[in-house]
Amino acid sequence: MAKTPIVQEDLVEYGFRRTIITITAVLCALLEIVDTTIVNVALNNMRGSLGASLTDVAWVITAYAIANVIVIPMTSWLSQQFGRRNYFAASIIIFTVASFMCGNASTIWELVAFRFIQGLGGGALLVTAQTIITESYPMEKRGMAQAIYGMGVIVGPTLGPPLGGYIVDHFSWPYIFYINLPIGIIAALLTLSFVRSPKYGEKLKAHQVDWLGIVLLAAFIGSLQYILEHGQQDDWFNDVTIFTLSVISLFGLFFFIWRELTYKYPIVNLNVLKDSNLKVGVVMSFIMGFGLYGTTFIVPIYTQSILGWTATDAGLLLVPSSITVAFMMPMIGKLIQRGVPQTYLVAIGFLAFFVFTYWMHNVMTPDTGTEHLFWPLIVRGLGLGLLFVPITTLSLSALKGKSIGEGAAFTGMMRQLGGSFGIAIITTFIARFSQTHRVNLIAHLDSTKVNVQNRIHVLQKGFMSKGFSAETALQKAYKILDFGVTKQSSVLAFMDIFLYLGLLFLVCIPFILLVKKGKKNAAIPEAIH
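If you count the sequence shown from 1, you need to add 7 to reach our numbering.
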């Protein structure tokens, strides 16, 4: 007896089933996002136990990120080929098994290989979880469904560092991977038991699959991600590898676009980008990723390198911001359901993010305390809460059917790439701004000035009182002065970064207010996938 095709409306769940599907989807999205940042605080421990260099261990992050951005654009196509439930369950299993193998790795390159496989499984979890959780809710409640999903995506990056710090401090680094095992096993079983798939039509035969498109996508995205991860430490285009991969990425992008627009069965449907709201949403998703991942990266670096905090304390600083996001999401979902224009919410979100960055710019000193950073980070949480759901709903408000999943893949990919660009650009400018400020500060540090001489004399006397000779004490005094200059130049660089980041968000406000609303026949709640 033939099975009845499942249409989109039949996927709506109620009661216990919907609760289970919601929990499963959010857990999977949270797992994937947390694993992008949880390893950051464990890199030194990995280096010690695996005997790796700093350059080698950086590949633990790079391999995962490259795999993520390669698979995200293909997620919609893969779901159609294998069925959403089967593809989602397989991705969870791949992610879970790879997590176990990462924990068991005995060499750095074993760990890198398994992290890449983990990234392939994890990248699929984001967009697929977003679609599953939304289609499980009736039309009028899908704004709230998107808000629930958004909590995992926004909160995840800030949960990683404190969780990783706690595990490394109290156990050992393999356990940052082992904690995925019970959650992954339960999520896979629940997916196979409760999640259903829509009927997509006939699958492609092997000779119809866009193999060339897959290769070109991997070349373009993979090369770009490597450039962003390693550009600063390898001196950008002065490095042969970076230059070569830049050429590969450029040509890969050109031929990938050509292939997808001319091939009958494209791996990524670029025609969906003809929708004007999606085009704007993709840009806004990129900027949101830039701010989300960029600030998640820069705040712990500032608190650890300048203020001398531990990794755990630096991670915990971001927790109140995450709680604010979690608190905001349901409220934003209700506002959208009541018809508040998404453009207004996004504009207010960008303004809140500007307030956060400008506030941070003003409170940064070599001695800034928790009490100075708490409220700016709360404002950050308000801004992110106002951005995620409205940007996603605005992006997809005029799309229908399988185009929704394809649009969601683009917004997800651009959010990830925005984060990669943000971290790469911030890392580069911290180094360059620090050097510029150091040169300027030294130029004003005239040893003939009385106040400079007095400072050196006080420092020298202090070291002499501890038993050092006059010459040694003078050398140490100069080192202390040099350290102070370096630290101050770094603080000024961080201040510049926050100021320019804020201006980026401020400039976006007029553009977002000019965005056209979605078509009337495509209700906002329907579009949230």
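Where is the CB? At the ideal position from N, CA and C, for every residue including glycine. Quantities reported herein were computed from a predicted structural model and do not represent experimental measurements.
For glutamate 267, is the classification buried or exposed, using 16 other Cβ atoms within 10 angstroms of its Cβ as the cut-off for buried?
-> Counting from one through the sequence shown, the residue named residue 267 turns up at place 260. By the 10 Å Cβ count, glutamate 267 comes out buried.
Apart from the five residues on each side of it in sequence, which residues of its chain come closer than 8 Å, Cβ to Cβ, to glycine 539?
-> Because the chain in this structure spans residues 8 to 536, residue 539 falls outside the shown range and cannot be described.
Are three or more beta carbon pairs between the stretch 173–181 and the stretch 64–75 nearer than 8 Å?
-> no
Per-residue DSSP class, three states only, for proline 517 | As a position in the sequence shown, residue 517 is number 510, starting the count at 1. Here proline 517 sits in helix by DSSP.
Check the C-beta distance from alanine 321 over to isoleucine 77 and give it rounded, since I have them as a contact under 8 Å.
-> The sequence position of residue 321 within the sequence shown is 314, counting from 1. The sequence position of residue 77 within the sequence shown is 70, counting from 1. With a Cβ gap of about 30 Å, alanine 321 and isoleucine 77 do not count as contacting.
So, is histidine 237 buried or exposed, given that buried needs 16 or more other C-beta atoms within 10 angstroms?
-> Here residue 237 refers to the residue found at position 230 when the sequence shown is read from its first residue. By the neighbour-count rule (16 or more Cβ atoms within 10 Å), histidine 237 is buried.
Buried/exposed call for histidine 444, threshold 16 Cβ in 10 Å | Locating residue 444 in the sequence shown gives position 437, where the first residue counts as 1. Histidine 444 is buried by the Cβ-count criterion.
Glycine 229 versus Ser256, Leu219, Phe250, residue with shortest Cα-Cα distance = In the sequence shown, the residue the question calls residue 229 occupies position 222. Nearest C-alpha to glycine 229: Ser256.
If you run the structure through DSSP and keep just helix, strand and coil, what is arginine 25?
-> Start at 1 with the first residue of the sequence shown, and residue 25 comes out as number 18. It is helical.
Would you check if the distance between the CB atom of leucine 520 and the CB atom of alanine 354 is smaller than 9 Å?
-> Locating residue 520 in the sequence shown gives position 513, where the first residue counts as 1. Locating residue 354 in the sequence shown gives position 347, where the first residue counts as 1. Cβ distance < 9 Å, so leucine 520 and alanine 354 count as in contact.
Would the stretch 334–352 and the stretch 499–509 be scored as touching if the rule is three or more Cβ pairs under 8 Å?
-> no
From cysteine 109 to threonine 82, what distance separates their C-alpha atoms?
-> For the purposes of this step, residue 109 is taken as residue 102 along the sequence shown, with counting starting at 1. For the purposes of this step, residue 82 is taken as residue 75 along the sequence shown, with counting starting at 1. Rounded to whole angstroms, cysteine 109 to threonine 82 spans 24 Å at the Cα level.
Please state if the CB of alanine 74 and the CB of leucine 127 are separated by a distance shorter than 9 Å.
-> Translated into positions along the sequence shown, residue 127 becomes position 120. Translated into positions along the sequence shown, residue 74 becomes position 67. In contact: leucine 127 and alanine 74 (Cβ atoms closer than 9 Å).
With a CB to CB cut of under 6 Å and the five nearest residues on each side skipped, what residues in its chain are close to leucine 166?
-> Position 159 of the sequence shown, counted from the first residue, corresponds to residue 166. Excluding residues within five positions, the ones whose Cβ falls inside 6 Å are Val41.
Taking arginine 122 as the reference, which of Ile140, Val64, Thr138 has the closest Cα?
-> Here residue 122 refers to the residue found at position 115 of the sequence shown. The candidate whose alpha carbon is nearest that of arginine 122 is Val64.
Outcome for glycine 288 when other beta-carbon atoms lying within 10 angstroms are tallied against a minimum of 16 | Here the question's residue 288 lines up with position 281 in the sequence shown. So glycine 288 ends up on the buried side.
Distance between phenylalanine 440 and arginine 345 (C-alpha atoms, nearest Å) = As a first step, residue 345 must be located in the sequence shown, where it is residue number 338. As a first step, residue 440 must be located in the sequence shown, where it is residue number 433. Rounded to whole angstroms, arginine 345 to phenylalanine 440 spans 46 Å at the Cα level.
Helix or strand or just coil, what does DSSP make of valine 216?
-> The count along the sequence shown starts at 1 and reaches residue 216 at position 209. Three-state DSSP puts valine 216 in coil, outside helix and strand.
Between which two residues does the alpha helix (DSSP H) containing isoleucine 186 stretch?
-> The residue given as residue 186 occupies position 179 in the sequence shown. First-last for isoleucine 186: undefined, no H or E at that position.
CB contact check: glutamine 88 to chain B, cutoff 9 Å = Absent here is chain B; the protein component of the structure consists of one chain.
Stretch pair the stretch 506–519 + the stretch 360–375: three plus CB contacts closer than 8 Å | yes
Helix, strand or coil at tyrosine 309 according to DSSP, with G and I counted as helix = On the sequence shown, residue 309 is found 302 positions in, with the first residue counted as 1. Of the three classes helix, strand and coil, the one that applies to tyrosine 309 here is helix, per DSSP.
Please state whether DSSP places aspartate 503 in a helix, a strand or coil.
-> Indexing the sequence shown from 1 puts residue 503 at position 496. Of the three classes helix, strand and coil, the one that applies to aspartate 503 here is helix, per DSSP.
Proximity of isoleucine 140 and methionine 295 at Cβ, strictly below 9 Å = Numbered from its first residue, the sequence shown carries residue 140 at position 133. Numbered from its first residue, the sequence shown carries residue 295 at position 288. No. Outside cutoff.
Anyone know if the C-beta pair for glycine 301 and isoleucine 430 falls short of 9 Å?
-> On the sequence shown, position 294 is the one that residue 301 refers to. On the sequence shown, position 423 is the one that residue 430 refers to. Their beta carbons are under 9 Å apart, which means glycine 301 touches isoleucine 430 by this criterion.
Through-space distance from isoleucine 174 to asparagine 5, alpha-carbon basis = It is not possible to answer for residue 5, since the shown part of the chain is limited to 8 through 536.
Member of Asn93, Gly157, Ala131, Ile183 whose CA lies at the smallest distance from the CA of leucine 118 = Residue 118 sits at position 111 when you count from the first residue of the sequence shown. Leucine 118 has its Cα closest to that of Ile183, out of Asn93, Gly157, Ala131, Ile183.
Methionine 367 versus Phe227, Tyr309, Thr331, Leu323, residue with shortest Cα-Cα distance = Against the sequence shown, residue 367 aligns to sequence position 360. Closest by alpha carbon: Tyr309.
Go ahead and pull the three-state DSSP assignment for isoleucine 228.
-> For the purposes of this step, residue 228 is identified with residue 221 of the sequence shown, where counting begins at 1. DSSP places isoleucine 228 in helix when its eight states are reduced to three.
May I have the straight-line CA-CA distance separating isoleucine 531 from phenylalanine 201, to the nearest angstrom?
-> Within the sequence shown, numbered from 1, the residue matching residue 531 stands at position 524. Within the sequence shown, numbered from 1, the residue matching residue 201 stands at position 194. Here isoleucine 531 scores only 37 on pLDDT, less than 50, and its place in the model is too uncertain to base an answer on.
Leaving out five residues before and five after tyrosine 144 in sequence, what residues of the same chain have Cβ atoms less than 6 Å from its Cβ?
-> For the purposes of this step, residue 144 is taken as residue 137 along the sequence shown, with counting starting at 1. Here the set comprises Ala152.
Let me know if leucine 196 comes out buried or exposed under the rule of 16 or more other beta-carbons within 10 Å of its beta-carbon.
-> As a first step, residue 196 is located in the sequence shown; it is residue number 189 there, counting from the start. Its Cβ having fewer than 16 others within 10 Å, leucine 196 is exposed.
Please report the Cβ distance between alanine 333 and valine 162, rounded to the nearest whole angstrom; I am assuming they are in contact, meaning their Cβ atoms lie under 8 Å.
-> Start at 1 with the first residue of the sequence shown, and residue 333 comes out as number 326. Start at 1 with the first residue of the sequence shown, and residue 162 comes out as number 155. About 6 Å; that satisfies the 8 Å criterion.
What did DSSP end up calling threonine 364 once you bin it into helix, strand or coil?
-> On the sequence shown, residue 364 is found 357 positions in, with the first residue counted as 1. In this structure, threonine 364 counts as helix in the three-state DSSP scheme.
Limits of the alpha helix (DSSP H) - the one that isoleucine 274 falls within = In the sequence shown, the residue the question calls residue 274 occupies position 267. Careful: isoleucine 274 lies outside any alpha helix (DSSP H) and carries neither H nor E.
For the alpha helix (DSSP H) that contains asparagine 111, what are its first and last residues?
-> Within the sequence shown, numbered from 1, the residue matching residue 111 stands at position 104. Segment 91–111, the alpha helix (DSSP H) holding asparagine 111.
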